[in-house]
Structure formats: C-alpha cells, structure tokens
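Engineer:
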Amino acid sequence: MTTENQPPPPAPTEPPPAPAPSSNKDERTFAMLAHLIALVGFIIPLGSIIGPLVIWLIKKESMPLVDDQGKESINFQITIFIAVLVCLLLAFVGIGFILLPVVGILWLVFVILAAIKANEGVAYRYPFNIRFIK
C-alpha cells in the first residue's frame, strides 16, 4: 500500500483566541472581582459559585472581559465543586482525605492567579476547567 493515494491528515484545530487585553480600569476590576469573589465560598456555602454568577449576570452585556472571565470563573467553581464531591466520596476508601487538601490549595492558587491576570486585562484560562457555560 502506498501513501500516494491517501488523503493528507486533517489539520489540528486551535482553541478560539482569547479577547485582547482590556485597558478599561472598571472592566478589569470587575473581571478581577469575578474571580476573587469566589473566596466567599470559605464563609458561605456555594458562595464560590453564586458570587461570580451575580457579577457575570450584572456586567456581561456591558463589559466583554467580565463576560469572558465571569464564565471562566463560574465554570471553574463548578468544576472544583464536583472535584470536592468526588474527594468526599473517595474519603470512604481513604484517598479522598489526601486529595481534598490538594484540590483546596490548587483552587486558591488558581483563583488568585486568575484575579491577577484579569486585573492586568488578560483573559485567563484555568487548567482542568469543564466548560459548562460557553
């Protein structure tokens, strides 16, 4: 069998480009808050999801960076919520007690990193994020 008759392999697809950095201070501040308000989850159950959701719903129409980063934050918070539930289930076999602090530390680091990037006007993408809201 020769390779002359075979079609070329399909070109790899690239993720959509991130929005250009924003220079509007208010927009960058609200984008940063969409990430940082998730820290309310330490005090209020499900506050880590409700906080970013409220900011996103209020500002998504008027601020493109907040629309993008609000969705990113909400998706990450839902992803982390699912990871915590899985860790709690795995606690019955012992491994969940090891994984839960790891998930918590990663959550805190990524939220702070995302807030810093959003304040710089850069659209941050969380690793390990399930895109529930697109």
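Going by numbering that gives the first Met the number 0, the sequence shown opens with residue 0, and the numbers climb by one from there.
Glycine is no exception: its CB is placed at the ideal position from the N, C-alpha and C atoms.
(1) When the distance is taken between beta carbons, is Ile-57 closer than 7 angstroms to Leu-32?
(2) If I measure Cβ to Cβ from Lys-116 and keep anything under 6 angstroms in the same chain, skipping five residues before and after, which residues do I get?
(3) Are the CB atoms of Gln-68 and Ala-30 nearer to each other than 7 angstroms?
(4) Could you check what DSSP says for Arg-124 in three-state terms: helix, strand or coil?
(5) From which residue to which residue does the alpha helix (DSSP H) around Lys-24 run?
(6) Comparing C-alpha positions only, which one of Ala-82, Leu-64, Ser-72 sits nearest to Ile-97?
(7) Fully enclosed by the segment 58-88, which alpha helix (DSSP H) runs are 4 residues long or longer?
(8) With a CB to CB cut of under 6 angstroms and the five nearest residues on each side skipped, what residues in its chain are close to Gly-40?
(9) For Leu-35, which residues from the same chain have a beta carbon less than 6 angstroms from its beta carbon, with the 5 sequence-adjacent residues on both sides left out?
(10) If you follow the alpha helix (DSSP H) that Gly-103 is in, where does it begin and where does it stop?
(11) Report back the beta-carbon spacing between Leu-52 and Glu-26 to the nearest angstrom; my notes put them in contact at under 8 angstroms.
Structural biologist: A quick look at the data gives this:
(1) no
(2) Tyr-123
(3) yes
(4) coil
(5) 24-35
(6) Ala-82
(7) none
(8) Gly-46, Ser-47
(9) Ala-114
(10) 95-118
(11) About 18 angstroms separates the two Cβ atoms, so there is no contact after all.
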